[in-house]
Every structure is written in C-alpha cells, then in structure tokens.
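A quick write-up on the structure given underneath.
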Amino acid sequence: MKSKKMIVYRILIVGALLILQVAWLMLSLLTFSNISPVVNMIFRITSIIALFVVINSRQNPAYKLAWAVPILIFPLLGGMMFVFFGTRQPSKKLREKLNESWEKLEPLTASTPGFLEEVWEESETVYGQVRYLNDYANAPLWKNTLTKYFKSGEENFPYIVEELKKAEHFIFMEYFIIADGRMWNTILSILKEKAAAGVDVRLLYDDVGCLRLLPQGYYATMEEYGIKCEAFNPFVPFVSVVMNNRDHRKILVIDGDVGFTGGINLADEYINEKERFGYWKDTGIMLKGDAVWNLTVMFLHIWNALRPTDTSFDCFRPHTYRKQEYGSDGFVQPYGDSPLDFENVGENVYLNIINTAKEYVYIFTPYLIIDNEIATALTLAAKRGVDVRIVTPHIPDKKTAFMLTQSYYEQLMGGGVKIYEFTPGFIHAKCFVCDDRVATVGTVNLDYRSLYLHFECGVFLYRTSSVMDVKQDALETIARSIPVTQDMLKPVLQKVLIQAILKLFAPLF
C-alpha cells in the first residue's frame with residue numbers, strides 16, 4: 003500500500019511540475035516577445051533558422067512536415083519549441099557514455115566466417131537482409147542455436163522461471179515495464195535467491211516506462227537485495243527533449259547460453275493474470291546457443307554506459323559455463339536499433355521483408371502509425387500479388403493511437419492489403435512472417451517512436467522451425483479476428499478531421 007501511494011504521489015507531482023513549466027515557458031516567450039521588439043525579432047529569426055534546419059535534416063519527410071507546419075503557423079513560438087523539443091537523439095552526456103561503451107564492444111561483433119556465404123548460396127534476397135544487419139547493425143549471423151516461439155505471455159512465463167532457476171553465473175535483464183504482481187514477484191524472489199548465492203544479477207528498467215508502476219528510486223531497493231540495478235534515462239520533471247528516447251527493449255540473458263526477447267514485459271497483463279483491454283495477446287522467443295551473444299552485447303552496451311563495470315567480456319560468451327552444443331535450427335540473427343544514428347534498423351528490416359516477399363507477409367502490430375515508405379511498400383507488395391495481412395487490436399490501450407491506426411486502413415485496403423482486428427482484446431505482439439522462410443520477433447512497433455526514437459531489438463529468423471510456428475500462430479490469430487471491410491470505414495466528418503490532424507503530427511507523438 004505504501005508503495006502504491008508513493009507511485010501516485012510521484013505521478014501527481016511530476017504531472018503538476020510539467021504543466022507548470024510548460025505554462026511558464028509559453029508565458030515567458032509571449033511576454034518577452036511583446037515587450038521587446040528585439041526579442042520578438044530574435045524569436046522570428048530562430049523560427050526561420052529552425053525551418054531551414056528541419057528542411058535540410060536527414061529526417062523522414064513526415065517528421066519534417068510535422069515540425070514545419072507549427073513553425074510556419076506560429077513564427078514566434080514555433081522555432082523555440084523546436085529548439086526545446088526538436089531533437090531526436092539522447093542528451094549529449096548520455097550519447098558520449100553510450101558511444102564510449104560501444105567502442106569497447108564493437109570489436110566483439112565480428113561476423114562468423116562462412117555463414118553469410120551459406121545464405122548467399124541458398125537465397126540472394128535473404129542474403130541481402132542478413133548482410134545488411136551484419137554490416138549496418140553490428141549483428142552477426144549465427145547457426146548452432148535452437149529457437150522456441152511463444153504465442154502468448156502465459157506460455158512464455160514458465161520457461162522464463164525454469165531457466166532463471168538454472169542460473170549459476172549471471173542474469174542480465176533489460177525491460178521497458180516492470181510492475182508489482184504475480185509475474186514480477188515470482189521473478190524477483192528468484193533473483194533475490196540467486197544474488198544471495200553469488201550469481202551476478204543485473205537489472206535495467208526504463209524509468210518512464212515504469213513511471214506509473216514503480217516508486218522513485220526503485221533501483222535502490224533492488225541494490226539492497228544484492229541485485230545490481232540501473233534506471234535508464236531517469237525521468238526528471240523538467241522540460242527536456244531527452245525524455246523522447248526510451249529503452250523499449252525486452253532482453254533476458256542467463257549464463258550466456260539462454261536468451262529471451264519479444265513483446266512481453268514483466269507485468270501481470272502480459273500473462274493474462276490481470277485483465278486489461280480484454281485478452282492480452284503477446285509473443286516471445288527463446289534462444290539457446292551462439293546467437294544469444296548478440297543479446298548479451300546489446301545489454302552490456304547500455305549497462306556499461308550507465309555503470310562501467312566490465313574490463314573483459316569473454317566470460318559472458320556462450321559455452322563459457324555450459325559446454326553442451328545445442329545443435330542448429332536454421333539461421334538466427336538478433337539485432338538492435340537505437341536513435342544514436344540515422345540507421346533505422348527496425349524499419350529497414352521490415353521494409354526488406356515486405357519488398358522481397360513473393361507469396362505472403364503476415365504482420366502483428368499493436369499500432370499502425372506508419373510513414374509513406376512502409377505504406378507504399380505494403381500496398382505495392384499487395385498489388386504485385388503478395389498476400390499481405392495485418393492484425394491490429396480491436397480493443398485499444400490508447401484511444402488516440404487507435405484512431406491513428408484506423409486512419410491508415412483506407413489507404414492500405416485500397417491497395418489490396420487485408421486488415422484484421424483481434425476481437426478477443428489487445429494485441430501487443432510485434433511479428434512478421436513471410437513465405438515460409440523468414441520471420442522476425444521483437445519489440446519494434448509499426449509506429450514512429452519505435453522506428454525512430456527508441457532503443458529496440460528483434461530476432462531475424464531464416465529457415466528455423468520457429469518460422470512455421472509464427473505462421474501457424476498468425477493463421478490462428480487471424481481466425482480469431484474480424485476482417486476490416488469498407489463498410490466499417492464510412493467517414494464521419496468529425497472523425498475524419500481529427501484523424502487528419504493526428505496524422506499530420508503523428509511523428510511527434
């Protein structure tokens with residue numbers, strides 16, 4: 003009860019301070035501009051410069067338009083708002099720490115000789131994808147890895163518990179959301195036990211993701227249990243652009259040989275222990291073997307930026323403690339994405355799948371807030387005869403995001419894309435499966451935040467048994483969903499106007 007009260011107080015205080023500071027900023031800008039012609043001119047010049055910066059930036063055209071409009075409409079305030087909120091990158095201090103950490107880890111991401119060539123011999127189109135991830139995402143391709151796909155959180159959870167209990171050397175956990183309840187409390191009891199036994203237990207959680215769920219300074223409580231803990235990019239109730247960049251990853255690594263990722267956070271709705279928005283449909287994947295190394299490197303990158311700990315990383319490699327061979331199950335390539343560069347890895351993985359599809363592409367996404375590139379790729383694939391199906395929620399978690407999602411239906415359906423809404427509730431899964439050959443399971447939503455602003459991760463799969471498991475799950479999920487028809491899209495003037503405004507500013511949400 004005390005913890006819940008602390009969370010409520012934190013939310014109220016943070017909300018009040020944000021409102022006061024935004025109001026103060028606006029009032030100050032207007033007051034100074036009206037009092038002094040010089041200040042007024044400075045604001046106008048700032049807006050002109052901001053407009054040129056936006057136009058000449060390497061950003062997506064939709065993002066440029068979303069900023070150009072308010073700058074032109076509000077020449078006094080638009081430029082200053084861009085100065086405060088326009089950046090898409092983390093703070094300079096955080097960038098420097100992350101870059102320094104990556105300099106030490108990058109040499110450990112060299113590709114494994116022979117694997118890329120094997121894919122080239124089998125499929126030139128898939129080779130293009132794995133080569134891209136290898137060269138531009140520092141994500142080596144692996145074999146000697148077993149994969150297991152989970153079509154729900156409640157199916158995934160027992161495996162997490164089982165593998166955590168086997169941990170003998172280290173446990174790395176990186177999650178966007180952690181919330182008090184059966185799921186987290188079960189995991190926490192194991193982590194306490196393992197930490198007390200000398201296991202190196204490290205936990206990363208996103209401070210904004212847990213703002214409404216954990217009390218401030220929760221990491222200190224974990225440290226008391228012997229669990230090394232860091233909050234990523236701690237939320238400060240002050241107008242700051244760095245709050246845009248969140249750690250949206252879900253990564254669990256155990257002893258270097260076992261890894262988990264997917265859409266599943268550590269809260270009870272993800273295992274349907276608690277009902278929110280009907281049945282909560284989510285997915286995950288477990289890796290055993292060499293490919294776990296990529297997940298380990300992703301975790302260590304952020305961990306050592308926040309808390310420089312490790313001077314050597316070889317002790318975290320697969321097979322260091324568990325000597326068994328896991329066998330090969332196709333090709334496995336875990337990859338990460340970050341806002342530190344202009345390489346939109348998550349989006350490019352999706353685009354490559356869509357653009358090379360020959361027979362079908364089935365997609366799970368909680369949000370369908372896409373740019374012109376993805377919309378064009380989807381409709382073009384459908385027009386050339388590919389069976390493109392997208393499953394979105396029928397019961398939304400955010401009404402604004404759902405209205406935006408529905409605003410893209412008509413354009414996509416007009417190009418031949420089939421859209422389904424998952425009637426039992428909310429679908430939080432982020433999966434693509436294509437042509438019985440490739441699939442990806444991860445954390446990347448089809449929205450601007452995931453594609454451009456957040457730290458994300460996923461696993462690209464080629465000819466693994468789990469590819470067909472993803473397909474089977476997609477077919478079963480589609481069977482439980484309703485197809486969206488043109489009759490359901492009959493325009494209502496008020497809704498159309500709201501959606502038009504929301505689509506314009508979607509890149510800023």
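FYI, the numbering for the sequence shown is 3 to 511, going by the working numbering.
All C-beta atoms, glycine included, are put in the ideal place defined by N, C-alpha and C.
task: Please state whether DSSP places residue 335 in a helix, a strand or coil.
output: Looking at residue 335 - three-state DSSP - the assignment turns out to be strand.
With 16 other Cβ atoms within 10 Å as the buried cut-off, status of residue 450: Only buried fits residue 450, as 16 or more other CB atoms lie within 10 angstroms of its CB.
message: Please list the terminal residues of the continuous beta strand (DSSP E) segment that includes residue 233.
response: 230 to 234
message: I need the DSSP call for residue 190, collapsed to helix, strand or coil.
response: Residue 190: helix per DSSP, three-state reduction.
- request: Compute the distance between the beta-carbons of residue 369 and residue 407, then report whether it is under 8 Å.
  value: yes
task: Rounded to whole angstroms, what's the CA-CA distance from residue 413 to residue 161? Just pull it up for me.
output: 41 Å
query: Can you tell which of 262, 252, 275 has the C-alpha that lies nearest to the C-alpha of residue 447?
result: 252
- prompt: residue 2: which of 254, 156, 206, 262 sits nearest, CA to CA?
  reply: Residue 2 cannot be examined here, being either before or after the span of the chain that is shown, 3 to 511.
- request: Could you name the residues of the same chain whose beta carbon sits closer than 6 Å to that of residue 138, not counting the 5 residues immediately before and after it, in chain order?
  value: 345
field: Cα-Cα separation between residue 342 and residue 92, rounded to whole angstroms
entry: 7 Å
query: First and last residue of the alpha helix (DSSP H) that includes residue 300?
result: 294 to 308
query: With which residues is residue 175 paired in a DSSP beta bridge?
result: 205, 254
- request: Look at the Cβ atom of residue 192, then the Cβ atom of residue 268, and state whether they are nearer than 8 Å.
  value: no
C-alpha gap between residue 172 and residue 95, whole angstroms: When only Cα atoms are considered, residue 172 and residue 95 end up about 29 Å apart.
- prompt: How should residue 100 be labelled, buried or exposed, when 16 other C-beta atoms within 10 angstroms of its C-beta is the threshold for buried?
  reply: buried
query: Which residues mark the beginning and the end of the beta strand (DSSP E) in which residue 134 is found?
result: Residue 134 -> not in any beta strand (DSSP E); alpha helix (DSSP H) instead, spanning 126 to 138.
message: Using 8 Å as the threshold, is the C-beta distance between residue 315 and residue 107 below it?
response: With respect to the 8 Å criterion, residue 315 and residue 107 are classified as neighbours on the basis of their beta carbons.
- prompt: Is it buried or exposed for residue 50, if we count other Cβ within 10 angstroms and need 16 for buried?
  reply: Answer is exposed; the Cβ neighbour count stays below 16.
task: Could you give the DSSP three-state label for residue 425: helix, strand or coil?
output: coil
query: residue 472 and residue 272: beta carbons closer than 8 Å?
result: Cβ atoms of residue 472 and residue 272: not closer than 8 Å.
message: Please tell me whether residue 143 and residue 113 are closer than 8 Å, where the distance is taken between their beta carbons.
response: yes
- prompt: In or out: residue 467 buried (at least 16 other Cβ within 10 Å) or exposed?
  reply: exposed
- prompt: Would you report the Cα separation of residue 374 and residue 197, rounded to the nearest angstrom?
  reply: 48 Å
Any 3 or more C-beta pairs closer than 8 Å across the region 257 to 265 and the region 313 to 328: yes
message: Checking the sheet assignment: what are the DSSP bridge partners for residue 435?
response: 364, 441, per the DSSP bridge assignment.
query: Is the beta carbon of residue 164 sitting closer than 8 Å to the one on residue 274?
result: no
message: Is it the case that the region 284 to 291 contacts the region 220 to 235, given that we only count it when at least three CB pairs across the two stretches are under 8 Å?
response: Contact fails: fewer than three Cβ-Cβ distances are below 8 Å.
- prompt: If we count the other Cβ atoms within 10 Å of its Cβ and call it buried at 16 or more, is residue 293 buried or exposed?
  reply: buried
query: Across which residues does DSSP place residue 378 in a beta bridge pair?
result: DSSP links residue 378 through a beta bridge to no other residue.
Delimiting residues of the alpha helix (DSSP H) encompassing residue 468: 467 to 481
message: Using the three-state DSSP reduction, which class does residue 39 fall into: helix, strand or coil?
response: helix
- prompt: From this set, 442, 490, 400, which residue's C-alpha is nearest residue 278's C-alpha?
  reply: 400
message: Which residues does DSSP list as the beta-bridge partners of residue 446?
response: In the DSSP secondary-structure assignment, residue 446 is not bridged to any residue.
- request: Could you check the C-alpha separation between residue 491 and residue 410 for me, to the nearest Å?
  value: 11 Å
query: What's the gap between the Cα of residue 233 and the Cα of residue 305?
result: 10 Å
message: Quick check: the Cα distance between residue 309 and residue 295, rounded to an integer number of angstroms?
response: 20 Å
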